[in-house]
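Chemist: Sequential numbering from 233 applies to the sequence shown in this note's numbering.
All residues carry an ideal CB built from backbone N, CA and C; glycine is no exception.
Since the model is a prediction, treat every value here as computed from it, not as a measurement.
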Amino acid sequence: MQLTLTSKVRLYPTAEQARQFERVTVEYQRVCNLVSQWEFEKQFKVNQKIFQKELYHQIRAESSLNSLMVQSTYRTVEARYKTVKQQLFQHPYHFQDKNTGKWYRFNRDLGWLRKPIKFGRPQADYVRNLNYSFVKQGTLISINVLGQRIKVQFNDQYTQDWFTHDAKLGTAKLVQSSGHWFLHIPVTMEVADWEKNTNRHIVGIDRGLRQIMTIYDEHGRTKFFNGKHLAYQRHKYAYLRQKLQAAGTKSAKRHLKRLGQRENRWINDVNHCLSKTLVDYYGPNTLFVIENLQDVTFERKRADKSATHDLHSWSFFDLANKLIYKAHEQGAEVLTVSAAYTSQRCPRCGQIRKDSRNHELHQYHCPYCGFTTNDDRIAAMNLYDLGKQYLSGNEQPKFELTNVND
Ligand SMILES: [Zn+2]
């Protein structure tokens, strides 16, 4: 299986290198805008050859970008127009004839643009090995700036994986964000496929607020990942946001934006750690089972009212995505199942009763078989069960209310 993602590698340039980054990205941006204008005037009837013939030498004569980077600007602009073209196509123009009431729909293309696309942010694109590469056993990035090539330190927390996985790295983008320099690198790697018949572990994963995550595995082990610390952090952000919103000043808005970015980074880190911990612990040949978030109503989670407004469902989506990605990287798999009855069904005898669960005492008690346990683990146990059903051949395992024989 092939995996692709864009990795945001933090760079640590010296003060002088940072100035060089600034100069090269500003220049690259300027040239992209020139090329964009040219393409627009040519009504997009261009290709790399025409660019080479008509514009390339002119740019080379007046710009300090090297020849490869000037060629890259054409590809950068081309890629941006391609994206815009798709966006236009996906958003056709609708209008209603006032007389007849009839609706009309036109597909839009680049001809609808009134002015050339503007590159509003300094940036520079780098082709792997030609304009950037990893040197010194992957501990430094060597990269072109105006007039020379420099070696820069970077955060190699994730990059070591690439070399062991023989990853293919695509065209990278150098950008500055919140005062820091990043190289966005598209990474593609070939990973081992997970296979049903060699599976060794089944892990049910339930996500909530009080317990941010509860897991249950084939050894009958339950593990809780407590959400208390996270809830506190969430409240802090919510409080700050409220205060800033109330202030409403320009500087408050700026702070608000920065706060949002910090919060996103924080959730990103938490989810990264949670998913990495799980995948590293169980390793390859593991089937992780999670609920389909589309049909989670959060009904049972609503019991915890104080935390409900804290719930950002996208942070759950983000966790699921990271888990899927990391699992695939390791040769494990994630099964998504319906959430129906997962918190009501008795994991021992299979009876489904709403009143088996006591929210106040956080206790689950089955009146049929007498099974009693902490209610936080019920869903994880049932998800585990669905994983087992899946492995024994049931392609879409789920719980349903059947005729109960009283
Ligand atoms: Zn029971």
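1. By how many angstroms is the C-alpha of L342 removed from the C-alpha of D329?
2. Going by DSSP in three states, N503 sits in which element: helix, strand or coil?
3. In the DSSP assignment, what residue or residues form a beta bridge with Y364?
4. Go ahead and label A247 buried or exposed: buried means 16 or more other beta carbons lie within 10 angstroms of its beta carbon, across all protein chains shown.
5. Work out the CA separation of E450 and T604 for me, nearest whole Å.
6. Taking 6 Å as the cut-off, is the CB of F603 close to at least one heavy atom of ligand 1?
7. So V258 and V377 are supposed to be a Cβ contact under 8 Å. How far apart are they, rounded?
8. Go ahead and label R466 buried or exposed: buried means 16 or more other beta carbons lie within 10 angstroms of its beta carbon, across all protein chains shown.
9. Would you check whether ligand 1 has a heavy atom nearer than 6 Å to the C-beta of C598?
10. In chain order, which alpha helix (DSSP H) runs of at least 4 residues are fully inside the region 587-628?
11. Helix or strand or just coil, what does DSSP make of K482?
12. Could you check what DSSP says for R665 in three-state terms: helix, strand or coil?
13. Would the beta-carbon of T580 be found less than 6 Å away from any heavy atom of ligand 1?
14. Whole angstroms are fine: how far does the CA of L633 sit from the CA of Y573?
15. Roughly how many angstroms lie between the CA atoms of S374 and N363, to the nearest whole one?
16. Given a cut-off of 7 Å, decide if V502 and L237 are closer than it, judged by their beta-carbon atoms.
17. Quick one: grab the DSSP three-state call for K277.
18. If the criterion is Cβ atoms closer than 7 Å, does the pair N339 and P354 meet it?
19. Touching or not, the region 556-575 and the region 425-434, by the rule of three or more beta carbon pairs under 8 Å?
20. With a CB to CB cut of under 6 Å and the five nearest residues on each side skipped, what residues in its chain are close to K317?
21. State the Cα-Cα distance for the pair K533 and G440, rounded to the nearest angstrom.
22. I think F253 touches L401, with their Cβ atoms under 8 Å apart; what is that distance to the nearest whole Å?
Modeler: Put simply:
1. 25 Å
2. helix
3. R360, I375
4. exposed
5. Spanning the alpha carbons of T604 and E450 requires a straight line of approximately 19 Å.
6. yes
7. Contact flag wrong, Cβ pair sits at about 11 Å.
8. buried
9. yes
10. 610-623
11. helix
12. Because the chain here runs from 233 to 638, residue 665 falls outside it and cannot be looked at.
13. Contrary to the premise, residue 580 reads as Arg rather than Thr in this sequence. Yes.
14. 8 Å
15. Looking at the two C-alpha atoms, the distance is approximately 8 Å.
16. no
17. Coil at K277, not helix or strand.
18. no
19. With a cut-off of 8 Å, the region 425-434 and the region 556-575 count as touching, because enough Cβ pairs lie within range.
20. Short of 6 Å from the beta carbon of K317, and not among the five residues preceding or following it, lie these beta carbons of its own chain, in chain order: L342.
21. In this prediction, K533 scores a pLDDT of 46, lower than 50, which makes its location untrustworthy; the coordinate-derived value is nonetheless stated afterwards. Using only the alpha carbons, I get a separation of about 7 Å.
22. Not confirmed; about 19 Å, so no contact.
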